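Visitor: Got a structure for you, questions after.
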Amino acid sequence: MDIYTQLQDKLNDMALRITHEARYFQAIELAGSADARERVRLPLLEEPFVENEGSLAMRAQCSANALVSLNQHFDRLLGTLPADEGEEAAQLLVLEELAQENVAAGEVLEEETAHAEAMLIKLREAMTVVGDD
0 MDIYTQLQDK LNDMALRITH EARYFQAIEL AGSADARERV RLPLLEEPFV ENEGSLAMRA
60 QCSANALVSL NQHFDRLLGT LPADEGEEAA QLLVLEELAQ ENVAAGEVLE EETAHAEAML
120 IKLREAMTVV GDD
């Protein structure tokens, strides 16, 4: 997996985590009364789970820790990317070399074409001489 795919995966992980947390806390807020907020059920937890201030604080801390960890992974991946400084100059040098090679190849091709045309003319002349005899 290349570095850009890994960066995209980490960004997707961060976005998903933030989205899930936002939906969860929005569901709690939309529940209405304090009683309804305390009875919000989480499908992955065993019943009877009651959300309270302590569990909300723990969830927020776990989410923050997870986001910090994802951010650190993301920063490490960004650190492995090649630096842009000097990269453009190196690319220009490579392009100049390729352009010179292209010109040289074009000159060789022109010479070969001229030789082939000269040979074709000689061949036609020979065929004319053979045809006249």
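In this text, residue positions in the sequence shown follow numbering that gives the first Met the number 0: the first is 0, and each later residue adds one.
C-beta: ideal position from N, C-alpha, C; glycine also.
Small disclaimer: the values here were computed from a predicted structure and weren't measured.
Asn-11 by DSSP, collapsed to three states: which one?
Guide: By 1-based counting over the sequence shown, the position of residue 11 is 12. Reduced to three states, the DSSP call for Asn-11 is helix.
Visitor: Taking just the CA atoms, how far does Arg-16 sit from Ile-2?
Guide: Counted from its first residue, the sequence shown places residue 2 at position 3. Counted from its first residue, the sequence shown places residue 16 at position 17. About 21 Å.
Visitor: Check for me: the alpha helix (DSSP H) holding Asn-101 runs from which residue to which?
Guide: By one-based count along the sequence shown, residue 101 stands at place 102. Note, Asn-101: alpha helix (DSSP H), 86-131.
Visitor: Among the residues of its own chain, which have a CB less than 6 Å from the CB of Glu-106, if the five just before and after it don't count?
Guide: Indexing the sequence shown from 1 puts residue 106 at position 107. Nothing listed; no residue qualifies.
Visitor: Between the segment 5-15 and the segment 49-62, do at least 3 Cβ pairs fall closer than 8 Å?
Guide: With the cut-off at 8 Å, the segment 5-15 and the segment 49-62 do not touch.
Visitor: For Asp-1, does the three-state DSSP call read helix, strand or coil?
Guide: For this step, residue 1 is matched to residue 2 along the sequence shown. The answer is coil: DSSP assigns Asp-1 none of H, G, I, E or B.
Visitor: Can you check whether the CB of Glu-20 is closer than 9 Å to the CB of Ser-62?
Guide: Working through the sequence shown from its first residue, we reach residue 62 at position 63. Working through the sequence shown from its first residue, we reach residue 20 at position 21. It is a contact, given that the beta carbons lie within the stated cut-off.
Visitor: Could you tell me the alpha carbon to alpha carbon distance between Leu-122 and Glu-96, rounded to whole angstroms?
Guide: As a position in the sequence shown, residue 122 is number 123, starting the count at 1. As a position in the sequence shown, residue 96 is number 97, starting the count at 1. Answer to the nearest angstrom: the Cα atoms are 39 Å apart.
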